[in-house]
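For reference, each letter of the first sequence is one residue, going 943 to 1375 in the numbering used here. Everything below concerns the one structure shown next.
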Amino acid sequence: MAEHVWIGDLREHVGKDVEVRGWRNHLRSSGKLHFLEVRDGTGTVQAVVFKGSVTPETFEKAGTIAQEATVTVRGTVSENPKKPGVFELQAKEVELYAAPAREYPISPKEHGVDFLMDNRHLWLRSSRQNAILKVRATIVRAVRDFFDGRGFTLVDAPIFTPNACEGTSTLFETDYHGDKAYLTQSGQLYMEAAAAAVGKAYCFGPTFRAEKSKTRRHLAEFWMVEPEVAFMDLEGDMKLAEDFLAFIAQRVLETRGEELKILERDTSKLEKVIAPFPRITYHEAIQILQENGHPEAKVGDDFGGDEETVISNKFDRPVIVHRYPMELKAFYFKKDPANPSLALNMDVLAPEGYGEIIGGGQREDDLDTLVRAIEHHKLPMEAFEWYLDLRRYGSFPHAGFGLGIERTVAWTCGLHHVRETIPFARMLNRLSP
RNA sequence: UCCGGAGUAGCUCAAUGGCAGAGCAAUCGGCUGUUAACCGAUGGGUUGAAGGUUCGAGCCCUUCCUCCGGAGCCA
């Protein structure tokens, strides 16, 4: 009885009889020969069905197997005579497990985005989407390995929150047993509490934004990792961020070369992602804009997608932009002692126009200053009493950041749009499948 | 919410205001080394919806719907 082998492991079974189970990708016939391409999620293999090597019934059946039918093929593993290093299966038996109930909608030719997104549950089977799923999984694993390996404790933040934490984003409102509750836009405030408990904390989970954003960089539901470290300042935060991104890039390069090849990613761009990253101030960024086609840029402006691209294109690796004007930033950032109009914050802009993938900074740890900031932003003080407690009971300098997983995956894979980086995207006009 | 673009066969797209088409997919046939195979044949349409102009509308006009790209907002 032939052993069931995953296609990805076939090279270890050359010359042996094995059984492969999967879905029909392609079928090419030439009279007395069928080339049956089977996919099982770990790879694809071409099964060669020669009329003289199988029963007449098997040969006829093999020639009629529809796209995405589930099949079992038993045969001998051999090297492709035309492609050294590529292995195929000399079929002896072919069994149909399940024929498609109807014609498979995704044909080998090109399709429009909307059609593919409507069929996302099937589109995931394609080699490109398969490669993206695997890179995403690798990045998620790298995120955990990085922080776990540096003594961080994973502290899960809640999804339901009682109020609009930062007051800067539009949130999804839900009914919580008669009260209003909101889907979280960030776990950061909770991580500040966690940092006082475990020193180095991080959370990693879904995050929700209800803004009606319609761009290649936005999702309504996305995943964010947010480390927060006690007794760390902005300098340490920037160091952590660049070590973190370099770690992720290296991990993907080391373990997902095949997938990056399928995605036709220029890996030389990723190989340059080594710490330290260039660091510029917000004011230097404005100057770069003024000198590169945005003469209207002035201090006080925030950066849009175009501006981020202009800045990031000046560098061959991610660039850190730090010390933005306080009025552009959330209430919780610490003011720069050297210039109180500036925040001790930083954004990391990914290369090649992928935009902001990290935002963070040092938090305000002075109770009175924080109270004034909450008043200045006209936020409900009572909702932040627990947060202010963190300054009342042993305040401590601390910093952290948030990294958007989807933008990181899009950048790593060289994708045009974040909708392909998450298995089932939630967007302004998309809630299904 | 605003600006721009698009909606025609299952899919991707053609069609001067004058017979609604092609490629792929599907079905049938041919071929012993194919790689989005190739060759031949067959079936496949409420042209997003409603109204209007016209002898005649896929095409022009009005309204609406859906999607795409961007802006704003944001990660």
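Where a beta carbon is used, it is the ideal one built from N, C-alpha and C, also for glycine.
Item                                                                                                                                                                                   : Value
What are the complete beta strand (DSSP E) segments, minimum 3 residues, inside the region 1242 to 1278?                                                                               : 1261 to 1264
Give a yes or no on contact between the region 1350 to 1361 and the region 1043 to 1050, applying the rule of three or more CB pairs nearer than 8 Å.                                  : no
Quick one, are the C-beta atoms of Thr1363 and Leu1370 less than 8 Å apart?                                                                                                            : no
How long is the line joining the alpha carbons of Ile1253 and Leu1231, rounded to whole angstroms?                                                                                     : 7 Å
Counting pairs of beta carbons, one from the region 1209 to 1219 and one from the region 1328 to 1348, are three or more of them closer than 8 Å?                                      : no
Quick check on Asp1208: does DSSP put it in helix, strand or coil?                                                                                                                     : coil
Going by C-alpha to C-alpha distance, which of Glu1115, Met1174, Val1097, Glu1317 sits closest to Asn1105?                                                                             : Glu1115
According to the Cβ coordinates, are Val1194 and Thr1080 closer than 8 Å?                                                                                                              : yes
For the region 1128 to 1215, which segments carrying the beta strand (DSSP E) assignment without a break, of at least 3 residues, lie completely within its bounds, in sequence order? : 1142 to 1150, 1163 to 1172
The alpha helix (DSSP H) spanning His968 covers which residue range?                                                                                                                   : Segment 959 to 971 is the beta strand (DSSP E) holding His968; no alpha helix (DSSP H) there.
So, at 7 Å on beta carbons, what are the nonlocal neighbours of Phe1326 in its own chain, with the 5 sequence-adjacent residues on each side left out?                                 : Ile1316
Can you give the Cα-Cα distance for Ala1183 and Arg1349, rounded to whole angstroms?                                                                                                   : 15 Å
Ignore the nearest five residues each way along the sequence and tell me which others in His955's own chain have a CB closer than 6 Å to its CB.                                       : Val947, Val1019
Span of the beta strand (DSSP E) holding Lys1003?                                                                                                                                      : Per DSSP, Lys1003 belongs to no beta strand (DSSP E); it is in the alpha helix (DSSP H), 998 to 1004.
Would you mind stating whether Asp1185 and Ala1341 have Cβ atoms separated by less than 8 Å?                                                                                           : no
Is His976 near Val962, with beta carbons less than 8 Å apart?                                                                                                                          : no
With distances taken from CA atoms, which of Pro1293, Lys1320, Lys1276 is nearest Gly1302?                                                                                             : Lys1276
Less than 8 Å between the C-beta atoms of Met1268 and Asp1179, yes or no?                                                                                                              : no
Going by beta-carbon coordinates alone, are Phe1146 and Leu1075 separated by less than 8 Å?                                                                                            : no
What is the rounded straight-line gap between the Cα of Glu1163 and the Cα of Phe1029?                                                                                                 : 41 Å
Which residues in the same chain as Gly957 place their Cβ atom closer than 6 Å to its Cβ, once the five residues preceding and following it in sequence are excluded?                  : none
Below 8 Å between beta carbons: does that hold for Val1015 and Val980?                                                                                                                 : yes
Start and end of the alpha helix (DSSP H) containing Ala1084?                                                                                                                          : 1069 to 1090
For His976, which of helix, strand or coil comes out of DSSP?                                                                                                                          : strand
Look at the Cβ atom of Arg1305, then the Cβ atom of Glu1134, and state whether they are nearer than 8 Å.                                                                               : yes
According to DSSP, which residues form a beta bridge with Met1369?                                                                                                                     : Arg1372
Could you pull out every residue in the same chain whose Cβ sits closer than 7 Å to the Cβ of Glu945, ignoring the five residues on either side in sequence?                           : Val960, Glu961
How many whole angstroms separate the CB atoms of Val1263 and Leu1284, which I take to be in contact at a CB cut-off of 8 Å?                                                           : About 12 Å; that fails the 8 Å criterion.
With a threshold of 16 other CB atoms inside 10 Å of the CB of Thr1149, please say whether the residue is buried or exposed.                                                           : buried
Is Val1055 helix, strand or coil by DSSP?                                                                                                                                              : helix
Could you tell me which residues DSSP puts in a beta bridge with Thr1103?                                                                                                              : Tyr1124
With distance defined between alpha-carbon atoms, name the residue in Glu1206, Asp1243, Ile1101, Pro1042 nearest to Ala1011.                                                           : Pro1042
Identify whether Val1360 lies in helix, strand or coil by the three-state DSSP scheme.                                                                                                 : helix
Look up His946 in the DSSP assignment and give the residues it is bridged to.                                                                                                          : Glu961
With DSSP as the reference, please indicate the residues paired to Val1036 in a beta bridge.                                                                                           : Val1015
How big is the Cα-Cα spacing for Arg1159 and Glu1298?                                                                                                                                  : 9 Å
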